[in-house]
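Notes for the one structure printed next.
Chains as they are written, first to last, in the numbering used here: chain A, 25 to 272; chain R, 2 to 255.
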């Protein structure tokens, strides 16, 4: 049976003002209900890709569709279906955890912001921190508050840009469980990561981006079966090396 | 139209200002108090009437306007710049389904309320010292709204343009304050030498100043239709620039 697409990216190019080509014609279909892990070294283009889909960066050319709709022409629809947890912590100064999440619900035009904030904070075990200022939270809890903000409008698709960067192992595993739980509830998850074990533990499919190109996209199962005896670390290193050799 | 989004953003911005009431409300009142006492009472007592208005009362519209301009500009300007550079929380808005016009509306609405409250407080402070009157209240309300909207838009433009706090601080000190003082807060244009009077016509604050004085006392150095038209045009142009900058994602989107 053919998979339904949550996101379709066709020949996406992005060149920054200074001339740096961050994306060089990426085409990619992200299936509904899957966890896709995007791996790649720093500056490979992973965050640029997410930023374009989320509305934080402009594309130079190419097409991006979310649930069949163009991200610029139908931005109200597409953005209401997307949740984004950015790499950098961005929380409003002086707000409590609850207010911060409720504020985000308001930006999405939701009337029941309070109820939604309460629901998501309880789901993410942040309810007992609700009256605490976001700036007094630990690093891991801040990350969790960011996820709560990204999830308050109940998006179908969740982008997690390096969600576990700088987070201790316990919280990392906690987040993995949470992401799997979200997938079980029908959400589509796209995560970028440097931690290969993270991709191995969670992803249904793995994509590798290098120098602005998608150099590999396959199911985790296929990857492991086709590279018997190698773990994801070794496969990743081999693919990057092959790509480097190809571009010399 | 995402009314809830606009309302949420406006309320958040107003609450943010109220979190520091001494700076937002206290500082302009103390500063205006000094002007009323020193220029209005001590010096003004020796100046006499200007265009039939006692000097302390004559300077009051200008002080109200100067504080509205500064509050409107700085409030929204620093908010945008801070959220853009320091906290990156502007991204929360950019990823939301709010349109550029709705984002601008949220910031401008909050700025209108904030500068309106400051203006009203300066007026009430002045009323403690001098007999005040408002000859054209409806005109004053509309005109003040346009002035506030224009400088809120300037603030938004500056907040998007500025790369650091220094750039942002330069504008009130080196542009707004000189234009305000030279716009005739403390004098009537007819008291100026001819060359200075001629130069005044190129100062937009001059028209704002006269519009305010007309609203309060029914007096103006220029045609009130001309003053209103210029301020109205400035409002439209500044809003247009804001809309364009947000649409192209100036310093917001790479």
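Glycine included, every Cβ here is placed at the ideal spot set by N, Cα and C.
Given the structure is predicted, the values throughout are model-derived calculations rather than measurements.
C-beta neighbour in chain R for residue 128 of chain A, strict 9 Å: yes
Any C-beta of chain R under 9 Å from that of residue 235 of chain A: no
Assigned secondary structure, residue 216 of chain R (DSSP; H/G/I helix, E/B strand, else coil): helix
Collapsed DSSP secondary structure at residue 237 of chain A in the structure displayed: Here residue 237 of chain A carries a strand assignment [DSSP, helix/strand/coil].
Chain-ordered neighbours of residue 110 of chain A on chain B, where CB pairs are closer than 8 Å: Protein chains in the displayed structure are A and R, and chain B is not among them.
Residue 54 of chain A in three-state terms, based on DSSP: strand
Pair within 9 Å by beta-carbon distance, residue 76 of chain A and residue 36 of chain A: yes
Identity of the residue in A/260, A/141, A/175 nearest residue 224 of chain A by Cα: A/260
Residue 114 of chain A: contacting residues in chain R (beta-carbon distance under 8 Å): What residue 114 of chain A touches in chain R: 88, 89, 90, 92, 93.
Rounded separation between residue 195 of chain A and residue 56 of chain A - CA only: 26 Å
7 Å CB neighbourhood of residue 111 of chain A in its chain, flanking five on each side removed: 71, 185, 186, 189
Residue 181 of chain R: first and last residue of the uninterrupted alpha helix (DSSP H) it sits in: 178-183
Supposed contact pair residue 110 of chain R and residue 236 of chain R - C-beta distance, whole angstroms, cut 8 Å: With 8 Å as the limit, residue 236 of chain R and residue 110 of chain R do not qualify as a contact, their Cβ atoms being about 14 Å apart.
Residues in the stretch 130-143 of chain A having any Cβ partner in chain R nearer than 9 Å: Against chain R - using a Cβ distance shorter than 9 Å - the residues of the stretch 130-143 of chain A are 130, 131, 132, 133, 134, 135, 137.
Bounding residues of the beta strand (DSSP E) (the contiguous stretch that carries residue 204 of chain A): Here residue 204 of chain A belongs to no beta strand (DSSP E); instead the alpha helix (DSSP H) covers 193-208.
The stretch 160-169 of chain R / the stretch 76-89 of chain R touching (three or more Cβ pairs under 8 Å): At 8 Å Cβ cutoff, the stretches touch.
Residue 203 of chain R, buried or exposed, once every other Cβ within 10 Å from all chains shown has been counted against 16: It is exposed - the Cβ of residue 203 of chain R has fewer than 16 other Cβ atoms within 10 Å.
Nearest residue (CA-CA) to residue 248 of chain A, options A/155, A/235, A/229: A/229
Residue 108 of chain A in three-state terms, based on DSSP: strand
Beta-carbon neighbours of residue 79 of chain A, restricted to chain R and to distances below 7 Å: 95, 96
C-beta atoms of residue 116 of chain R and residue 152 of chain R nearer than 9 Å: Cβ atoms of residue 116 of chain R and residue 152 of chain R: closer than 9 Å.
Cβ pair residue 48 of chain A, residue 237 of chain A closer than 9 Å: yes
9 Å Cβ cutoff, residue 254 of chain R in contact with chain A: Flagged as an interface residue toward chain A: residue 254 of chain R, by a C-beta distance shorter than 9 Å.
Per-residue DSSP class, three states only, for residue 45 of chain A: strand
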